[in-house]
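A.B. asks:
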Amino acid sequence: MLATADETRGLEAVGRIDIGQTGFCTGTLIAPDRVLTAAHCLYDNATGKPYPVSAFRFMAGLRNGRAAAYRGVRRAMAHPDYDFSAADRAVRVTYDLALLQLDQPIRLPSLPPFAAGGDPLKGESVAILSYGIDRSEAPSLENNCQILGRQPGVFVMSCLVEFGSSGAPVFQMRDGKPAIVSVVSAKAEMDGRPVALGATLEQPLAELEVAFAQGDGQFRTVAKGLGFGAGRSDGTGPGGAKFLKP
115 MLATADETRG LEAVGRIDIG QTGFCTGTLI APDRVLTAAH CLYDNATGKP YPVSAFRFMA
175 GLRNGRAAAY RGVRRAMAHP DYDFSAADRA VRVTYDLALL QLDQPIRLPS LPPFAAGGDP
235 LKGESVAILS YGIDRSEAPS LENNCQILGR QPGVFVMSCL VEFGSSGAPV FQMRDGKPAI
295 VSVVSAKAEM DGRPVALGAT LEQPLAELEV AFAQGDGQFR TVAKGLGFGA GRSDGTGPGG
355 AKFLKP
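Residue numbering for the sequence shown follows our numbering, starting at 115 and increasing by one per position.
#1: DSSP on Q215, reduced to helix/strand/coil?
#2: When the Cα of I247 is compared with those of T136, V128, N257, L125, which residue comes out closest?
#3: On the criterion of 16 or more Cβ atoms from any shown chain inside 10 Å, does L322 qualify as buried, or is it exposed?
#4: Along the chain, where does the alpha helix (DSSP H) containing V324 start, and where does it finish?
#5: Out of curiosity, what's the CA-to-CA distance linking T335 and G329?
#6: Between the C-alpha atoms of A182 and L255, what's the straight-line distance to the nearest angstrom?
#7: Buried or exposed: which applies to S364, given that a residue is buried once 16 or more other Cβ atoms fall within 10 Å of its Cβ?
#8: Quick check on the burial criterion: 16 or more other C-beta atoms within 10 angstroms. Buried or exposed for R206?
#9: G267 and A313: beta carbons closer than 8 angstroms?
#10: Please go through the same chain and pick out, in chain order, the residues whose beta-carbon is closer than 7 angstroms to the beta-carbon of E235, but skip the five residues on each side of it.
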């Protein structure tokens, strides 16, 4: 359900990433000039090619047509091991992380960047704040999702996600503050119920940040592939979860 302004107070560093005229993802400020999102958000699902960075616009804390800050993007990079064309979609989830470098830093006291936390354990509660296809003008906060299971590099969560939720932060309270412990990658089904899949964050994010610091933001050359919810697989993913088309 849509979150009220009071419920999302302190979470305004989460925002909507508009992608040209084609759609949007969710992203989170993790440094004054960097936004964390899902790697597949960087690619055109119809062609398999990366969007130009000029297509992206980050709107922090967007609610009812107004954002706390608006920024363009000057550089973007997916995790170096992410392959948009990989046939095994579970493998794609494992590295479905990307960083966007903003054209200007956001240095507002009301928008402190979020830190990454350690991996949550099976059975622990997490929360997701995301924009979605039917709630694009205000975020939805889903509290008390559970970590249902974990396979190498992937969490299975009892959260409901839709188009636009890609890249959304998965939060868990650490030392009294929300920390990002995963990023939403895909919607799936397990035992007849909808679940969300997200990458484990700690090691892959560290690898991505190293590559980002050393690289020039160029994308890997990829072939056509499937994006979030863009197809149905007859195979199963992590923990027996079957990928779904929303």
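Idealized CB from N, CA, C, for every residue including glycine.
C.D. replies: From the atom records:
#1: strand
#2: T136
#3: buried
#4: 316 to 328
#5: Unreliable positioning characterises T335 in this predicted model, as indicated by a pLDDT of 33, which lies under 50. The coordinate reading is nonetheless provided below. Looking at the two C-alpha atoms, the distance is approximately 15 angstroms.
#6: 18 angstroms
#7: With the chain represented from 115 up to 360, any question about residue 364 goes unanswered, as that position is not in the structure.
#8: By the 10 Å Cβ count, R206 comes out buried.
#9: A313 is positioned such that its CB atom lies closer than 8 angstroms to that of G267.
#10: This sequence places Leu at residue 235; Glu is not what is there. These residues qualify, in order along the chain: I261.
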